[in-house]
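Under mature numbering (1 follows the signal peptide of the UniProt record, and there is no 0), read the sequence shown as residues -16 to -1, 1 to 583, first letter to last. Glycine included, each C-beta is placed from N, C-alpha and C at the ideal position.
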Amino acid sequence: MVQLIPLLLVIPATLASSSSVECRPEGPIFPRPRHLNQSGTFKGALDKLTATLDAAFHGRIRTGWDLQNISLSMAVVGLDQTQPSIPLWEYHRLAPGNVNGTKSLDRHSQYLIGSVSKVLTDALLMKSGVDMDDAVTEYLPSLDNGTSLIDWSQISLRALGGHLAGIPPNYGFSEYHYLKTWFEALGFPHVKDTDYPPCGVIGLNGECTKAQLLEGMLSSHPVAPPQSRPVYSNVAYTLLSYALEVHTGKNYSTLLRDLLTRPLNMSSTVPSGQGNDSHAVIPPVQSTWGSSYGDNVPGGGLVSTLADLGSFVHAILGRDSRRLGLTATQVREWLQPRSFAGSRSSFVGLPWEIFRPEPKLLFSHYHRRSRAGGGHTVTIHSKGGAAYGYNARIALLDEYGVGLVILTAGGQDVVTGVFDAALSVLVPALDEEAREQAAREYVGAFVAAVPMVVAPVNATTETDGTSLRLTGLYRNGTDILASLRELWEVTLFGFLPSLRLTGVVRLYPAEVERKSKLPDGREVVEEEWRLWWDMELLSEAELPGKGISAHDCLAWSLADWMHYGGEPVDRVVFVKDAATDSVVGFDAPFLRSGTMEKS
C-alpha cells in the first residue's frame, strides 16, 4: 500500500486584508525574477520608460528642465546581463548646448558623481580589514583632546560612515564669505575675516591641510550626540580616509584602486581632476569639472561612468564575493538600516538612503492586466550625489535583483524626476514578472509515495494574489494545516487571546538554500521557505486608542517557534533541479515526508 501526502499551493485571488502582506517576514515575497531579458512584461516597461524620456527631452511632456543644457546617462542593471559593465538597458542624451568635452555619449562617458562617492568609500571601509567599531581616536589621536567640544572617543568609524557621528557636515565650506555684505544688509552683525575658519572658505582662503582640518574639528560644535540621529556629514568621510590611511599605510587613491576599481574593472572611476576631458560630459553651465577636491574626494569628489557604477551595482546585487571582495553576509549587513531619518518611510544606512514609499505610490499606474492588487512595500536602497553642474544616483531594488544608475549634467535636478518615473514603470513590471514566474514554478500539487493510501489533492492556480499560499497539506487523511492551527491556538495563542489565526497560510522564501542529490542521483538545490499565518487582532475593549497596536507587526517574532521531533513546523523546502532551476519537488521535513514530486 502507498500513502500519498498531497500538497496544494495557490496564489490567492484577492488580498484578504491590507495588513496581511504588510505584516510578513522582512524580505522578498517571491524569488527574484530570472531571464528578464526574455520577459515581454519587462521589455514593455523599458520601452515605456524610453518613450517617456524621449517625450520629456523633446518637450512633449512638461518637465521644467532646461533642455538645452541637460545631459543624461541612465542604466537598468540586472543579474541576467551578459557582462557586469553592460547593463540590461541604457539611455543617453547629450545636451545640445554642450561645447566642451565628449561629442557623443555612451556608457563610458565620465561625470562627477558627488556624494555617490560615499558608497564607494564605505565599501573601502568594509574591505580594509579595519575594525569598524574602533573609535576614530585610535587612528587620529590628536582628536582625543579634552578641549574639544565633540567627544571623539565616542565616535566609531562605523558611525562616521553611516552619518551617526553627530558631527557637522563641513568645515569651512559651510561659510559664505562672498555673501558677507549681503548677510550684513539682512541685519547680521559685522564680523572680521579672522572670525572665519582659517581654511576651506570659498573666496577667502585655500583648501584645508590635514593638520588644519584636524585642528578645526576640536573647535567644531556637535550637531547631535553620537548614535542619536543621522546628521549628514561630508567631513566624516575625510576623517575616515585619514583613519584608513593610518590602518593600511595607503592613501585614498591607492586604496580605491587596489580594493575596488581594479577588482571591479572600474578604470574610469578616479578622483576629480584625473578625469579625461575628451570622455567627459562638461555642461555649458558653471561646474567643478576638472577641479581638485583634495581631501574632500572620499565624501564627494569622484568621477565615474555608467559602465563602472553599473559594474559596482551588479556586484552588490549578485553578492559577488570574488569581484566585490565582500561575502554575501557582509553585503546583507551593509544593506541594513542604521537609523530612522525623520519619517516613517525613510531610513539611513552605511550610507544608503533607504526609502520605503507607500505601495499606492509605486503601484498606482500598474498595468491593467496585472492582478497584484494594491502592491506591497518595496525597499529601495539609493545614494544620491551632487557637484556643481552635476547630479547622480545609484539605487538597488534588491528584492528583484535590479539596480539603477542615473548620471546627469547641466546644473538642474533632473535625477529626482527621472528616478521617480523609472520606479513607477519598473517596479510594477518587475513585481508582475516575479509573480508570473512563481506561478509557473512553485504552484502545483506535490505527492510523495510511502506506505498506505489516501486520495490525492488536485491543484488549482491563480496568478492575481499577493503571495504563495499553502492551501492543503494532508498526512494519512489528516488535515495538517488544521492540526497546526489548533496546536498554535492552544499553545502559544492560548497566552495571546487578542490574536486569532485567520486560517490563511502564506509561504515566503527564507533565502536559505543548499545543494544536494536525490536518491536517483539528480543534483538539486533545496530552497527553504517558511509558513506564515495571517492573524487578526480581536478586542471587545472600549479603551481609548483601540486598534493602534494592530498596526505594530510583531509576528516576525514567531518564526521557528514550534518544533516537532527536532524539526521546525514552519519550515518547508522546495526542491529545484540544479541544472534547469525548475521546481521538481517539495518537502515538509517536520512530517518526515521526504521529497514530494510535482505532479
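Rounded to a whole number of angstroms, what is the C-alpha to C-alpha distance between VAL409 and VAL389?
Whole-angstrom Cα-Cα distance: 15 Å.
Measure the CB-CB distance between TRP273 and GLY373 and report whether it falls below 8 Å.
It is a contact, given that the beta carbons lie within the stated cut-off.
If you measure between the beta carbons of ALA555 and TRP516, is that distance less than 8 Å?
Position check: residue 555 holds Arg in this sequence, whereas Ala was assumed. No, the Cβ-Cβ distance between ARG555 and TRP516 is not below 8 Å.
According to the Cβ coordinates, are GLY43 and LEU51 closer than 8 Å?
Their beta carbons are under 8 Å apart, which means GLY43 touches LEU51 by this criterion.
Any idea what DSSP makes of THR25, helix, strand or coil?
Assignment of THR25 by DSSP, reduced to helix, strand and coil, places it in the helix class.
May I have the straight-line CA-CA distance separating PHE41 from THR47, to the nearest angstrom?
Roughly 9 Å between the two C-alpha positions.
Beta-carbon separation (whole angstroms), GLY385 vs LEU301, contact threshold 8 Å:
Taking the Cβ atoms as the reference, GLY385 lies roughly 5 Å from LEU301, within the contact range of under 8 Å.
For LYS111, name the three-state secondary structure that DSSP assigns.
Looking at LYS111 - three-state DSSP - the assignment turns out to be helix.
What do you get for THR579, buried or exposed, if any count of 16 or more other CB atoms within 10 angstroms of its CB means buried?
THR579 comes out buried.
Within-8 Å CB hit, VAL398 to chain D
This model lacks chain D altogether; it includes just one protein chain.
Thinking C-beta only, is GLU416 closer than 8 Å to THR25?
The answer is yes: Cβ separation under 8 Å.
Am I right that SER57 and LEU391 are in contact with their C-beta atoms under 8 Å? What's the rounded C-beta distance?
With 8 Å as the limit, SER57 and LEU391 qualify as a contact, their Cβ atoms being about 5 Å apart.
Is the beta carbon of GLY284 closer than 8 Å to that of ALA371?
Taking the C-beta atoms as reference points, GLY284 is found nearer than 8 Å to ALA371.
List in chain order: all unbroken beta strand (DSSP E) runs of 3+ residues lying wholly within the region 523 to 564.
Within the region 523 to 564, the complete beta strand (DSSP E) runs of at least 3 residues are 555 to 561.
Is it buried or exposed for ARG576, if we count other Cβ within 10 angstroms and need 16 for buried?
ARG576 sits exposed, since fewer than 16 C-beta atoms from the chains shown fall within 10 Å of its C-beta.
Looking only at C-alpha atoms, which of VAL219, SER93, THR165 and MET546 sits nearest to HIS147?
Taking only the C-alpha atoms, the option nearest HIS147 is VAL219.
Between which two residues does the beta strand (DSSP E) harbouring VAL567 extend?
It spans 567 to 571 - the beta strand (DSSP E) in which VAL567 sits, taken as one unbroken run.
For a quick check, are the C-beta atoms of residue 588 and THR232 less than 8 Å apart?
Nothing about residue 588 can be reported from this structure: the residues present for the chain run from -16 to 583 only.
What three-state label does DSSP hand TYR374 in the structure shown?
In the three-state reduction of the DSSP assignment, TYR374 falls in the strand class.
Please go through the same chain and pick out, in chain order, the residues whose beta-carbon is closer than 8 Å to the beta-carbon of TYR548, but skip the five residues on each side of it.
Cβ-Cβ distances below 8 Å link TYR548 to PHE574 in the same chain, with the five nearest sequence neighbours on each side left out; the list follows chain order.
Could you tell me which residues DSSP puts in a beta bridge with TRP517?
DSSP lists VAL489 as partners of TRP517.
Quick one: which unbroken alpha helix (DSSP H) runs of 4-plus residues sit fully inside the region 251 to 326? Chain order, please.
Segments of the alpha helix (DSSP H) lying fully in the region 251 to 326: 281 to 284, 290 to 301, 305 to 308 and 312 to 318.
Where LYS344 falls, given that 16 or more other Cβ within 10 Å makes a residue buried:
Here LYS344 is exposed: its Cβ has fewer than 16 other Cβ atoms, across all protein chains shown, within 10 Å.
Might you give, ordered along the chain, the residues of its own chain that have their beta carbon closer than 6 Å to the beta carbon of SER23, omitting 5 neighbours on each side?
The answer, listed in chain order, is GLU417.
Which first and last residues belong to the alpha helix (DSSP H) in which VAL399 is found?
First-last of the alpha helix (DSSP H) with VAL399: 399 to 426.
Quick one: what's got a C-beta closer than 7 Å to ASN260's C-beta in the same chain, skipping five residues either side?
Excluding positions up to five away in sequence, the list reads GLN94.
With which residues is LEU380 paired in a DSSP beta bridge?
Note: LEU380 sits in a beta bridge opposite HIS365 and GLY387.
Boundaries of the alpha helix (DSSP H) in which PHE347 is found, first to last residue
343 to 347 is the span of the alpha helix (DSSP H), which, as asked, contains PHE347.
Option nearest ILE364 by Cα separation, candidates PHE347, ALA143 and GLY387:
Comparing Cα positions, the closest option is GLY387.
CB contact flag (THR361, GLU6, <8 Å)
Their beta carbons are under 8 Å apart, which means THR361 touches GLU6 by this criterion.
Given 8 Å, three or more beta-carbon pairs between the region 398 to 407 and the region 125 to 134
No: fewer than three Cβ pairs fall under 8 Å.
Residue from SER541, PRO341, LEU141 and TRP318 whose Cα sits closest to the Cα of ARG328:
Measuring from the Cα of ARG328, the nearest candidate turns out to be PRO341.
My output table needs one value for TYR236: the three-state DSSP class, helix, strand or coil.
Residue state, collapsed to three classes: helix.
Let's test the definition: count the other Cβ atoms within 10 Å of the Cβ of THR289 and tell me whether it reaches 16, buried, or not, exposed.
Looking at its Cβ environment, which holds 16 or more other Cβ atoms inside 10 Å, THR289 is buried.
Grab the span of the beta strand (DSSP E) containing MET116 for me, first residue to last.
Boundaries cannot be given for MET116, as no beta strand (DSSP E) includes it and DSSP labels it neither H nor E.
What does a CB cutoff of less than 7 Å around ASN53 pick up in its chain, not counting 5 residues either side in sequence?
Excluding positions up to five away in sequence, the list reads ALA79, GLY81, PRO267, PRO268, VAL269, GLY394 and GLY395.
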